[in-house]
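Residue numbers (the UniProt record's numbering), protein chains in the order written: chain A, 1 to 564; chain B, 1 to 564.
Even glycine gets a Cβ: it sits at the ideal position worked out from N, Cα and C.
None of these values were measured; they are calculated from a predicted model.
Reviewing the structure listed below.
Number of protein chains: 2
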Amino acid sequence: MTQLRFALAQIDTRVGDLDANAEAIMAYSRRAAAHHAQVVVFPEMSLTGYPIEDLAFRATFRRAAWDKANAMARQLAADGLGGLYVVAGTVGTDTESDKPRNRLVVLHDGVVWAGYDKHFLPNYGVFDEFRIFSSGQRSVVLDIDGTRVGLAICEDIWQDGGPVDELAGQHIDVLLTINGSPYEEGKTHTRYDLAVRRAHEVNAPMIYLNQVGGQDDLVFDGGSFVVDADGTLLERSPMFVENLSYFDFDKQAERQQIGTIAAEMERDEEVYCACVLGLKDYMAKNHFSGVCLGLSGGIDSALVATMAADACGGENVCGISMPSQYSSDGSKDDAADLAENLGAHYEVQAIEPLFQSFQRQLTLGGVAAENLQARIRGVIVMAYSNSRNLLALATGNKSELACGYSTIYGDAVGGYAPIKDLLKTRVWDLSRWRNKAAQDGLGLGMLPVVGNEAAASAKTVPSVLIPVSSIEKEPSAELRPGQKDSDSLPQYALLDQVLAAYIEHAHGRADLLADGFDETTVDTVMRLVDRAEWKRRQYPLGPKVTALAFGRDRRLPITNAFRE
Amino acid sequence: MTQLRFALAQIDTRVGDLDANAEAIMAYSRRAAAHHAQVVVFPEMSLTGYPIEDLAFRATFRRAAWDKANAMARQLAADGLGGLYVVAGTVGTDTESDKPRNRLVVLHDGVVWAGYDKHFLPNYGVFDEFRIFSSGQRSVVLDIDGTRVGLAICEDIWQDGGPVDELAGQHIDVLLTINGSPYEEGKTHTRYDLAVRRAHEVNAPMIYLNQVGGQDDLVFDGGSFVVDADGTLLERSPMFVENLSYFDFDKQAERQQIGTIAAEMERDEEVYCACVLGLKDYMAKNHFSGVCLGLSGGIDSALVATMAADACGGENVCGISMPSQYSSDGSKDDAADLAENLGAHYEVQAIEPLFQSFQRQLTLGGVAAENLQARIRGVIVMAYSNSRNLLALATGNKSELACGYSTIYGDAVGGYAPIKDLLKTRVWDLSRWRNKAAQDGLGLGMLPVVGNEAAASAKTVPSVLIPVSSIEKEPSAELRPGQKDSDSLPQYALLDQVLAAYIEHAHGRADLLADGFDETTVDTVMRLVDRAEWKRRQYPLGPKVTALAFGRDRRLPITNAFRE
């Protein structure tokens, strides 16, 4: 046989939920087989979910994952699908050291071929894999009816040397990589460039299969693809949705056939979808069906509410207007208009009487009085969350969080902060993009993200979502008369540039000056950020006096469905 | 010369504060030289502070540390101390990879001998060193006037193989290790046993020099020591205080002379001191001179207030009684008595009127109403913190935090939680120990911890600190009529045993049953802990969509005195 059909199963998994993940793998395998695939490929650690953090250390979990993989292989054979090669990721155990391994396995002929162990273990940025796993030492070539398939897992292709280097000398026909690669702005092109380089090195087409979905504070964007050794794009799966597509490898052909190529998204759409998918999956995996949040009439809460309506439907969003004596009429109107546009519940809870009650006892002034208003709002939001079982959303953006322009236990209250990683200027950009998309017919809940596959066309499309005045008015916390953000912060257009350089690109003071920022701005922003970082760390910490303290030693993922 | 005098400088450092740390190193070096030491030894990364986390990645910081070390060497030479060997820890740079190194340097003759780079980089528990540093590859023997001194840094002696193994073949006279080893209950003996083994392996006395002080949520206990190759204890420094002592090595002698041996502490004293030092140093390094906290009359807040009075003096403790309609008269009296015993400020803020104001608007019932009371208290505590610049202390213990028996944004509010790592039964033990110590004459502020060296004898000694009824009464959150902790939790004597096994020793369900716990208790505790862990993770998280998100990518230590 010179033709081999690979099915690329870009799925969303649940950390620790072996049953649900196995079910998804079985269902996609059956679909792939029905479409005559001989190999079906699932993401890195797709059986266990990813990242599983310290769950990997539980021997009972590793045993359960192994048993589950074997049961799946037997079931496939019993269903007459023993001839299929199912490539999936799971947690393994190094027999020598008894340490966990990040492992690729192949289910075939009713058994589990313990396949390939990840070699390079990322331990930077969001990754802690060296902490958890031990390194695989061997490169592996899988022979499928005469087609030589070289194997790699995620980071293995990001580092020079190692398994891909070894595979280059082994005359492979296809390089197959399974990935759990989180979304970052601009990463699509980085991945593509890297893949082209690796495909060239091994002189074979490369399959890049990535997971999709939200997990804790990570969003995996999918966007799986296949490139040929000469850099030709042979397949591209869409981002942010589950997907099954095919790559027909022909060993005899001079050029591989080009399959389905999903359209690229524009940048604002990409980031907006990432935020909505993160929230939507966080809710689904933590069993929330609705959210509550404060609606101030400002742009941050407006964008968060809109994202929430896109994630779970406006009817499951509870917006709470909590005006004080300093809230403008315009703000109150904007909040009400937004709720109406979204089809959200809208309730008003004036904080003035509560504020007066506190002040009769405490007589606070200055910042303490401003914080008090924000904290009364926090108590109200949490009361809604507790009494109606709603996920409280915090509405802070990255610019204000970075500069400490926020009240701990006040507006920072919430179980999830959908825009905490968006600078203020991005908040405006995405708001404008979402309004424009609505005008172009993209109704609430119609975004191309996991779970929206069904009935998107049935949704109604409002002509405007976010009130224009929320986007255009000057930002204000409205905690004292006439207050403007620009009283305390540089203008956002400038601030965001400095923040990006200082926080995201780790430029030091000398670098920032060389970037062309003036000294006063640089020193102001550095002082704000450093102070905010210091304050942000003032959470309940205490000495570690026993073998294991909370929050520092034990690192478990949020969605832990595994029960021993 | 056959005699060599080592000075063991067990000091407290400040992360990122090169000036302050250099000043301490210079002062201790001068004192050591005045006492005829030829070698003076400082802890791991003593020039930079430890752990410096991602501060290591800043090239400007590494350059500043290098410049500072050179300036110190020149200054020592200028002061006529060029002949002294000053062994200290700092951050270095691997010239090949440009990555940070955890480095031991020797200042001598006016220059910096770039010495030894740590080989084993711990990346488990509280340690993230593999993330940050690259590994040193060489073992190093320092020849000091004919005495061969083998070098190692902390983790290097905890792993078999590596540098100590190499040193065993190199006929060294002394094994010198510098450490940043955090306190854990019972670790003193583990360290000693390990040192005896290593000293035996290299057939030479081993110097174990550890840092002291609190940093973030770690407490370093000092307790430096020297053991001979046959296991004889030759020197032991006290725990929890800065100290300078000496070890006279005699190459000709058959047995080394025994120096000063500090008395061992009993276990409760040790843990109590660790908690107080953690809080005291956290306050000092974050520039707080006073604290505020809610005083309920219960044992948790009573112990925290007493620790705080030991850390900063009763006159700097502000205790706030916040009774509700469910608070018993006994509780209110106990809170007042405690404050009087401690010499603390005491204020009463009834929450009933505030609770009624909220209820007029929100009409909450059940747990939401209970949480509302706790959150009103949280707002009040933060109002005191903001308006008087006091560090708010959270009073939760490990048992209730583990089981989720606490209100987020309510009683969990605070910048530091002194007893978050103590199980409830330990809270009672330490309270009894502290009361007994007071009877034996240990006044407030007289504890042997860093910063208490001066004027301890001048303090008055109260005959009783914690009201006996706070220790003896049945625990209750007092959030509804007649509520008792035992309504929701197993009895603490049993609960704490299960928690220790499940959380601290990572026993799974099968292990817990094999430990002899009954099935109902095991399932109850596991359910509570897993659910609490899930809820605890519901903090403002959001998707990571740009290159670097807060709280996940950037890991900076709290006390960041370094300014570029």
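Check	Outcome
Could you say which of B:Cys275, B:Leu47 and B:Met283 lies nearest to residue 576 (chain B) if we only look at CA atoms?	Residue coverage of chain B in this structure runs from 1 to 564, which leaves residue 576 (chain B) outside it and unanswerable.
Closer than 7 angstroms by C-beta to Ile52 (chain A): which residues in its own chain qualify, once you throw out the five before and the five after it? Chain order, please.	Val15, Gly16, Met45, Val91 and Pro557
How would you label Asn203 (chain A), buried or exposed, when you count the other beta carbons within 10 angstroms and need 16 or more for buried?	exposed
Chain B partners of Ile299 (chain A), CB-CB under 9 angstroms?	Ordered by position in chain B, no residue passes the 9 angstroms Cβ test against Ile299 (chain A), which lies about 16 angstroms from the chain.
Would you say Thr60 (chain B) lies against chain A (beta-carbon separation less than 7 angstroms)?	yes
How big is the Cα-Cα spacing for Val468 (chain B) and Ala274 (chain B)?	24 angstroms
Between Gln170 (chain A) and Val141 (chain A), which are expected to be in contact by the criterion C-beta below 8 angstroms, what is the C-beta distance as a whole number of angstroms?	6 angstroms
Can we say the region 233-241 of chain A touches the region 62-75 of chain A, given the rule of at least three CB pairs closer than 8 angstroms?	no
What beta strand (DSSP E) runs, 3 residues minimum, are completely inside the region 14-62 of chain B?	39-41
Using CA atoms only, rank isn't needed, just tell me which of A:Val87, A:Ile207, A:Gly314 and A:Arg426 is closest to Gln256 (chain A).	A:Ile207
Just confirm the distance between the C-beta atoms of Gln325 (chain B) and Glu347 (chain B), as a whole number of angstroms; I'd bet it's less than 8 angstroms.	Not confirmed; about 19 angstroms, so no contact.
Does the distance from the C-beta atom of Leu4 (chain B) to that of Gln38 (chain B) stay below 7 angstroms?	yes
Under 8 angstroms: do the region 417-437 of chain A and the region 268-283 of chain A share three or more Cβ pairs, one atom per stretch?	yes
Between which two residues does the alpha helix (DSSP H) holding His108 (chain B) run?	His108 (chain B) -> not in any alpha helix (DSSP H); beta strand (DSSP E) instead, spanning Pro100 to His108.
Find out if the Cβ-Cβ distance for the pair Val164 (chain B), Ile157 (chain B) is shorter than 7 angstroms.	yes
Using a Cβ-Cβ cut-off of 8 angstroms (strictly less than) and excluding sequence neighbours within five positions of Ala455 (chain A), which residues of its own chain qualify?	In this predicted model, Ala455 (chain A) has a pLDDT of only 49, less than 50, meaning its place in the structure is not dependable; the value taken from the coordinates is given anyway. Nothing listed; no residue qualifies.
May I have the straight-line CA-CA distance separating Tyr416 (chain B) from Asn386 (chain B), to the nearest angstrom?	15 angstroms
For Gly294 (chain B), which beta-bridge partners are listed by DSSP?	B:Ile320
Where in the region 464-534 of chain B do unbroken runs of the alpha helix (DSSP H), each at least 4 residues long, occur, reported from the N-terminal end onward?	468-472, 485-488, 492-499 and 509-514
By the 10 Å Cβ neighbour count, where 16 or more other Cβ atoms means buried, how is Lys280 (chain B) classified, buried or exposed?	buried
Below 8 angstroms on C-beta distance, what does Tyr124 (chain A) contact in chain E?	Checking the listed chains, one finds no chain E in this structure; the protein chains it contains are A and B.
Please determine, among A:Val174, A:Glu185 and A:Glu266, the residue with the shortest C-alpha to C-alpha distance to Val227 (chain A).	A:Val174
Can you tell which of B:Pro462, B:Tyr50 and B:Ala22 has its C-alpha closest to the C-alpha of Ala64 (chain B)?	B:Ala22
Can you list the residues of chain B that Gly508 (chain A) reaches, using a CB-CB cut of under 9 angstroms?	Arg58, Ala59, Thr60, Phe61 and Glu564
Less than 8 angstroms between the CB atoms is what I'm expecting for Asp485 (chain A) and Pro475 (chain A), so what's the real figure, rounded?	4 angstroms
Give me the Cα-Cα distance between Ala229 (chain A) and Gln252 (chain A), rounded to the nearest whole angstrom.	15 angstroms
Rounded to the nearest angstrom, what separates Arg388 (chain A) and Glu315 (chain A) at their Cα positions?	14 angstroms
Which of helix, strand or coil does DSSP assign to Glu564 (chain A)?	Confidence at Glu564 (chain A) is low in this model, with a pLDDT of 44, below 50, so its placement is unreliable and no value can be given for it.
Does any residue of chain B have a CB that is nearer than 7 angstroms to the CB of Ser406 (chain A)?	no
Chain A partners of Gln373 (chain B), CB-CB under 7 angstroms?	Neighbours of Gln373 (chain B) on chain A: none; closest Cβ ~11 angstroms, over 7 angstroms.
Three or more beta-carbon pairs under 8 angstroms between the region 322-341 of chain B and the region 297-312 of chain B, yes or no?	yes
My guess is that Arg432 (chain A) and Thr407 (chain A) are in contact by the Cβ rule of under 8 angstroms, so how many angstroms apart are they, rounded?	Not really, about 28 angstroms apart at Cβ, beyond 8 angstroms.
Measure the Cβ-Cβ separation of Leu176 (chain A) and Leu194 (chain A) and say whether it is below 7 angstroms.	no
How many Å lie between residue 565 (chain A) and Cys292 (chain A) at the Cα?	Nothing about residue 565 (chain A) can be reported from this structure: the residues present for chain A run from 1 to 564 only.
Measure the Cβ-Cβ separation of Val106 (chain A) and Tyr85 (chain A) and say whether it is below 7 angstroms.	yes
Just the chain B side, please: which residues come within less than 7 angstroms of Ser357 (chain A) by C-beta, in chain order?	Pro353, Leu354 and Ser357
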